[in-house]
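> Residue numbers (my numbering): 167 to 381. C-beta atoms are modelled at their ideal positions from N, C-alpha and C, and glycine is treated no differently. Since this is a predicted model, take the numbers as computed values, not measurements.
Next up, the structure:
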């Protein structure tokens, strides 16, 4: 009776191997070893601090790509591997971390050497990576910056944490552009030799606050 059941199980397994492309015990052993090594790499990486993991995003993507390649092999559906592969995919997904962006300080350089203005500073990859966030820096340093078009080399600016502009920051930005347009319109009206007309165009404001004073 036992021999008959054993023979039946063996035949079922042989049939399964044939369906999966005539795989062999050697193929199964090789897959198991590769899967074990990948599991070990994931366990090691899971022990790293979040900030370190954030810097290793490319490594996590490589692990995910390696697992996806293995999942494409028919052997991966064998009962001894299926649950391990599913669990490993979940563990790898859990390794992804976003780089934590914290506020800090920035010392203003010169326009000649650094092209520093609030627009350009905000656009730096290690600040916000988005020049349109310049009002955050302005509003975070109103004790030093009265006019966002004017910053000075050597000023130590506090860089607020990234995020959506606050209502106060957006209000300050709108006020800045209103005043800038009004000043340019007035300048155009006072320009000698230019007769104002009803539909005289007003020059559009530049996309960025002016450069810092000093060379």
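Which one of 283, 184, 230 and 352 has the shortest CA to CA distance from residue 254?
Residue 230 is the option with its Cα nearest to residue 254.
> Kindly identify the DSSP beta-bridge partner or partners of residue 322.
DSSP output for residue 322 lists 273 as bridge partner(s).
> For residue 236, collect the residues of the same chain with a Cβ closer than 8 angstroms to its Cβ; drop the 5 residues on either side in sequence, then sort them by chain order.
Excluding sequence neighbours, residue 236 sits near 197, 200, 201, 204, 242 and 251.
> Grab the span of the alpha helix (DSSP H) containing residue 239 for me, first residue to last.
First-last for residue 239: undefined, no H or E at that position.
> Is it the case that the region 325-336 contacts the region 278-285, given that we only count it when at least three CB pairs across the two stretches are under 8 angstroms?
Contact fails: fewer than three Cβ-Cβ distances are below 8 angstroms.
> Exposed or buried, which one is residue 302 when buried takes at least 16 other CB atoms within 10 Å?
It is buried - the Cβ of residue 302 has at least 16 other Cβ atoms within 10 Å.
> Is it buried or exposed for residue 315, if we count other Cβ within 10 angstroms and need 16 for buried?
It counts as buried.
> Which residue's Cα is closest to the Cα of residue 339: 210, 221, 272 and 298?
Comparing Cα positions, the closest option is 298.
> Would you mind reading off the limits of the alpha helix (DSSP H) that contains residue 202?
Segment 191-212, the alpha helix (DSSP H) holding residue 202.
> Under three-state DSSP, which class holds residue 346?
DSSP places residue 346 in helix when its eight states are reduced to three.
> Figure out for me which residue from 288, 357 and 259 has the closest Cα to the Cα of residue 211.
Answer by Cα proximity: 259.
> The alpha helix (DSSP H) with residue 410 in it runs from where to where?
The displayed coordinates of the chain run from 167 to 381. Any statement about residue 410 would go beyond what the structure contains.
> Could you spell out where the alpha helix (DSSP H) holding residue 249 opens and where it closes?
Its alpha helix (DSSP H) spans residues 245-259.
> Using DSSP with H/G/I as helix, E/B as strand and the rest coil, what is residue 328?
Three-state result, residue 328: coil.
> In the structure shown, what three-state DSSP assignment does residue 336 receive?
Three-state result, residue 336: helix.
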